[in-house]
Amino acid sequence: ENEAKNRNCRFSFVNTYQFQAPDFYLSHGYKEVFTLQDYPYTGQRYYYQKDL
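In this note's numbering, the protein residues as written are -16 to 35.
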């Protein structure tokens, strides 16, 4: 994030699966912007954004 700020980026965009660490991103200031349901088959893929 610091490097992104140094390069004048306005936000950070990440994605993760439900079995990885979605709560990690929420606890670090990211907001959920999109969820891909049933991907791949029965899971979810979460997309998060954080304003820098």
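All C-beta atoms in this analysis are idealised placements derived from N, C-alpha and C, irrespective of residue type, glycine included.
Go ahead and label residue i buried or exposed: buried means 16 or more other beta carbons lie within 10 angstroms of its beta carbon, across all protein chains shown.
{"i": "Pro23", "result": "exposed"}
Return the residue from the list the options that minimises the CA-CA distance to residue i.
{"i": "Gln3", "options": "Val16, Tyr29, Glu15 and Lys(-12)", "result": "Tyr29"}
{"i": "Tyr54", "options": "Asn(-11), Lys(-12) and Gln32", "result": "Here the chain covers residues -16 to 35 and nothing more, so residue 54 does not appear."}
{"i": "Pro5", "options": "Asn(-11), Thr18 and Leu35", "result": "Thr18"}
{"i": "Glu(-16)", "options": "Gln20, His11 and Thr(-1)", "result": "His11"}
{"i": "Gly26", "options": "Ala(-13), Arg(-10) and Gln1", "result": "Gln1"}
Going by beta carbon distance, what residues of the same chain come within less than 6 Å of residue i, once the five residues before and after it are set aside?
{"i": "Phe(-4)", "result": "Gln32"}
{"i": "Asp34", "result": "Phe(-6)"}
Look at the alpha carbon of residue i and the alpha carbon of residue j, and state the distance between them as a whole number of angstroms.
{"i": "Asn20", "j": "Arg(-10)", "result": "Checking the sequence, you will find Gln at residue 20 rather than Asn. If you take the alpha carbons of Gln20 and Arg(-10), they lie about 33 Å apart."}
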